[in-house]
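Engineer:
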Amino acid sequence: MRYASLGSGSKGNATLVEHAGRSLLIDCGFSRKGILERMTAASADWSILDAVLVTHEHTDHSRGALAVCEWLDRPLYSSFGTARKMGWLDHELWRPLHGDQLLELETLRVRPVTVPHDAHEPLQFVVASHTEERRLGVLSDLGSITPHILDAYRECHALQLEANHDPVMLRQGPYPPALQARVAGNYGHLSNGQCAQLLEALLWSGLQQVTAGHISEKNNSPELVRRELSRVLGCDADSVQLLGQDGISGWFEFR
Ligand SMILES: [Zn+2]
Ligand SMILES: [Zn+2]
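This note's numbering puts the first residue of the sequence shown at 4, with every later residue one more than the last.
(1) Answer with buried or exposed for residue 238, where buried requires no fewer than 16 other C-beta atoms within 10 angstroms of its C-beta.
(2) Please determine, among 133, 61, 204 and 208, the residue with the shortest C-alpha to C-alpha distance to residue 126.
(3) What are the complete beta strand (DSSP E) segments, minimum 3 residues, inside the stretch 77-116?
(4) Using only the alpha-carbon positions, how far apart do residue 9 and residue 151 sit?
(5) Which residues in the same chain as residue 194 place their Cβ atom closer than 6 Å to its Cβ, once the five residues preceding and following it in sequence are excluded?
(6) Whole angstroms are fine: how far does the CA of residue 16 sit from the CA of residue 247?
(7) What I want to know is whether the C-beta of residue 22 ends up closer than 6 Å to one or more non-hydrogen atoms of ligand 1.
(8) How about the stretch 16-30 and the stretch 104-113: do they share at least three Cβ pairs that are nearer than 8 Å?
(9) What is the DSSP secondary structure of residue 25, reduced to helix, strand or coil?
(10) According to DSSP, which residues form a beta bridge with residue 224?
(11) From this set, 184, 214 and 78, which residue's C-alpha is nearest residue 161's C-alpha?
(12) Could you tell me whether the stretch 198-209 touches the stretch 176-184, where touching means 3 or more Cβ pairs closer than 8 Å?
(13) Alpha carbons only, please: which of 100, 105 and 142 is nearest the one belonging to residue 159?
(14) With contact counted as at least three CB pairs below 8 Å, one residue from each stretch, are the stretch 75-82 and the stretch 46-65 in contact?
(15) Using a 10 Å radius around the Cβ and a threshold of 16 neighbouring Cβ atoms, would you call residue 101 buried or exposed?
(16) Quick check: what's the CA-CA separation for residue 164 versus residue 94?
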C-alpha cells in the first residue's frame, strides 16, 4: 500500500492512496487542471482511480472534486452535510458516507470517522486493505482529539496527521482575534503540541510511516513541527516527514 500527498495546507489538499492496482483520492482542493498536473507529477495513473472522497466543504478540500469526478466519470463520496452545503445532493455521481459505516471499494476499505471541526458534517478517513492487513490513517482539520478518534486510528501502519499551528506564533501572528480563536478552538485545527500528543497516543510497534501536514504558512514553521514530532518519534528532527502546499510529496510506501 502506498500514498502520496498532492498538496497539503490551507490553499489546497489532496491525498492519493494506492493498493493492489487501484486507487482513491481523498479531497480535491485544487482545480481539475491543478489536480491532474499534480497526479501526472506523481506518475499516478488516473485510470485506476475508483473514487473521490471529500472530508468537508471547506474550499481547500472540495474545490475541484466534482469537476474531476465528472471529467473521469467517477463517484464522489461525502457526508450528507457536506453534500448539502456543496449542492451535490441531487448529482448523479454523489454517494453518501456515514460515520463508521465502511465503504468497500475494489481493493480498499474506508472507515469514515467523525471529527470536531467547524464544518457541517466533517469526516476523516482510515483506509485499509480489504483484509485489514494494512491501514493508513489520514487525519486533518480537527480542533481537538476525541476518544472516538483515538479508537478509530489505533494500529495504523501509516499516519498522515495535522500539525497546523504553533500557539505562540498564532497569538503573535497576522490573524484577527476572532480567526485566532476559531483556529485554536475545539472545532478548529490541531496545534503542534496536540499533534504530538495524538501521535504519542497512537504509537505502536506496527507504525512504519508518519507524515505531518496542513501546516500553516503564517502561524507555524517546519522547524517547530519537526522539533515537536521528533521528540515523540525518538528520531532526528530532519527525518520527520512534512507535507507542503506547493509540491507533491514522494510516495510513502508501507508493507
Ligand atoms: Zn483544511
Ligand atoms: Zn476545514
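Glycine included, every Cβ here is placed at the ideal spot set by N, Cα and C.
None of these values were measured; they are calculated from a predicted model.
Structural biologist: Taking the geometry as given:
(1) By the 10 Å Cβ count, residue 238 comes out exposed.
(2) Among 133, 61, 204 and 208, the Cα nearest to that of residue 126 is on 61.
(3) With a minimum length of 3 residues, the continuous beta strand (DSSP E) runs that stay inside the stretch 77-116 are 79-82 and 97-100.
(4) Those two C-alpha atoms are separated by around 28 Å.
(5) 168 and 170.
(6) If you take the alpha carbons of residue 247 and residue 16, they lie about 10 Å apart.
(7) Checking every heavy atom of ligand 1 against the Cβ of residue 22, none is found closer than 6 Å.
(8) Pairwise C-beta distances place the stretch 16-30 in contact with the stretch 104-113, as three or more of them are shorter than 8 Å.
(9) Strand at residue 25.
(10) Bridge partners of residue 224: none, in fact.
(11) The candidate whose alpha carbon is nearest that of residue 161 is 214.
(12) Cβ pair count under 8 Å is below three, so no.
(13) From the listed residues 100, 105 and 142, the smallest Cα separation to residue 159 is found for 142.
(14) By the Cβ rule, the stretch 75-82 counts as touching the stretch 46-65, because three or more pairs are nearer than 8 Å.
(15) Exposed is the call here.
(16) Near 31 Å, if we compare the C-alpha coordinates of residue 94 and residue 164.
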